[in-house]
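To convert a position in the sequence shown, counted from 1, into my numbering, add 356. Ideal Cβ placement from N, Cα and C applies to all residues, glycine included. These notes concern the structure reproduced below.
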Amino acid sequence: MFDRDGKFLVAWPRQEGRFEDAHHIYIGPDDGVYLADRDAHQILKCNTEGELFMSLGTRYKVAMEAPFNHPSDTAVAPSGEIYVSDGYGNFCIHRFTADGESIDTFGSLGSGPGQFRVSHSIRVAKDGRVYVADRENNRVQVFSDDGIIQEKKFDFTPEWEVVWYISQEQASLRAVQDARDNREFYGRRYAQRDGFIRSKWRPEAQCAPRYPL
Numbered sequence: 357m358f359d360r361d362g363k364f365l366v367a368w369p370r371q372e373g374r375f376e377d378a379h380h381i382y383i384g385p386d387d388g389v390y391l392a393d394r395d396a397h398q399i400l401k402c403n404t405e406g407e408l409f410m411s412l413g414t415r416y417k418v419a420m421e422a423p424f425n426h427p428s429d430t431a432v433a434p435s436g437e438i439y440v441s442d443g444y445g446n447f448c449i450h451r452f453t454a455d456g457e458s459i460d461t462f463g464s465l466g467s468g469p470g471q472f473r474v475s476h477s478i479r480v481a482k483d484g485r486v487y488v489a490d491r492e493n494n495r496v497q498v499f500s501d502d503g504i505i506q507e508k509k510f511d512f513t514p515e516w517e518v519v520w521y522i523s524q525e526q527a528s529l530r531a532v533q534d535a536r537d538n539r540e541f542y543g544r545r546y547a548q549r550d551g552f553i554r555s556k557w558r559p560e561a562q563c564a565p566r567y568p569l
């Protein structure tokens with residue numbers, strides 16, 4: 357853990373039964389720290405001291421078309437509901453109450469509207485709309501809070517860019533991509549409503565993705 361200036365503060369030691377593969381980290385509006393413990397097939401909610409408050413899914417148990425099969429990311433809606441992208445094995449989104457009770461699941465494997473090929477990252481906007489980084493389909497899809505596909509989505513250049521991660525900042529969406537040809541990371545910032553590019557950036561230092569394409 358670091359402060360806002362990048363100064364190292366503390367580390368959470370690995371413990372048996374926790375943090376097998378914290379694939380994504382998300383800080384909820386209640387300061388809950390959500391970890392997608394991918395290879396253990398669980399979502400863990402901790403406080404900022406690293407104490408475990410809640411877990412979703414059965415540890416080390418793979419579930420088909422149910423929570424979870426290598427989950428990738430978590431987001432909390434303004435309503436308090438929890439959304440999980442179950443991207444690597446199930447290609448879907450799971451929706452839970454704030455207390456972790458399952459509500460429903462939407463999505464399936466494919467390239468059509470509402471389908472995914474690795475639902476890799478997820479965020480919920482202030483208006484309740486759900487943004488999903490559909491990584492291998494090179495797009496971000498937008499859903500209502502109950503999983504109905506919306507008309508607007510953000511498409512990226514096929515066979516060249518892949519959406520890895522999205523985050524919310526006020527009224528914009530940031531998509532971080534990897535260019536397949538030269539392995540360069542760069543990003544674009546989009547307006548949520550109209551999808552127009554607001555800014556671009558590319559780091560000076562290049563690095564290879566964690567997972568090979």
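Cβ of residue i versus every heavy atom of the ligand ADP: is any distance shorter than 6 Å?
i	result
D455	With respect to small molecules bound, the structure shown includes none, and the ligand ADP cannot be examined in it.
Report the residue from the options whose alpha carbon sits nearest the alpha carbon of residue i.
i	options	result
N425	S435, C448, E407	C448
D483	V432, D387, N446, E492	V432
E457	Y439, V498, L465, R473	Y439
S601	N446, P469, D393, A481	Not covered by the structure: residue 601. The range shown for the chain is 357 to 569.
A419	D395, R374, V486	D395
E421	P434, D460, E405	D460
M357	A481, N403, P427, R451	N403
G384	R485, S428, E437	E437
D410	Y416, K401, D359	First, the amino acid is wrong: residue 410 is Met here, not Asp. Measuring from the Cα of M410, the nearest candidate turns out to be K401.
I399	D386, Q506, E376	E376
D386	I478, V366, A454	A454
G413	E407, P427, G406, E405	P427
S467	R485, V496, Y382	V496
Q506	H379, L408, V488	V488
So if DSSP puts residue i in a beta bridge, which residue, or which two residues, is it bridged to?
i	result
A422	Answer by DSSP bridge pairing: none, since A422 is not bridged.
S458	F452
Y382	Y390
I340	Absent from the structure is residue 340, since the part of the chain shown begins at 357 and ends at 569.
F472	L465
K417	None, per the DSSP bridge assignment.
K401	Y390, M410
Can you tell me where the beta strand (DSSP E) holding residue i begins and where it ends?
i	result
S441	438-442
D359	Taken as a continuous stretch (DSSP letters only), D359 belongs to no beta strand (DSSP E), as it is neither H nor E.
T430	429-432
Y487	486-490
N435	Reading the sequence as shown, one finds Ser at residue 435 and not Asn. Note, S435: premise wrong, no beta strand (DSSP E); not H, not E.
F409	408-412
My output table needs one value for residue i: the three-state DSSP class, helix, strand or coil.
i	result
D395	helix
R536	Unreliable positioning characterises R536 in this predicted model, as indicated by a pLDDT of 46, which lies under 50. The coordinate reading is nonetheless provided below. In the structure shown, R536 sits in coil (DSSP, three-state: anything other than H, G, I, E or B).
A527	A caution first: A527 carries a pLDDT of 43, below 50, which makes its placement in the model unreliable, though a value can still be read off. Here A527 sits in coil by DSSP.
F375	coil
P369	coil
Item checked: Given 8 Å, three or more beta-carbon pairs between the region 492-504 and the region 462-479 -> Three or more pairs of CB atoms, one per stretch, sit closer than 8 Å, so the region 492-504 contacts the region 462-479.
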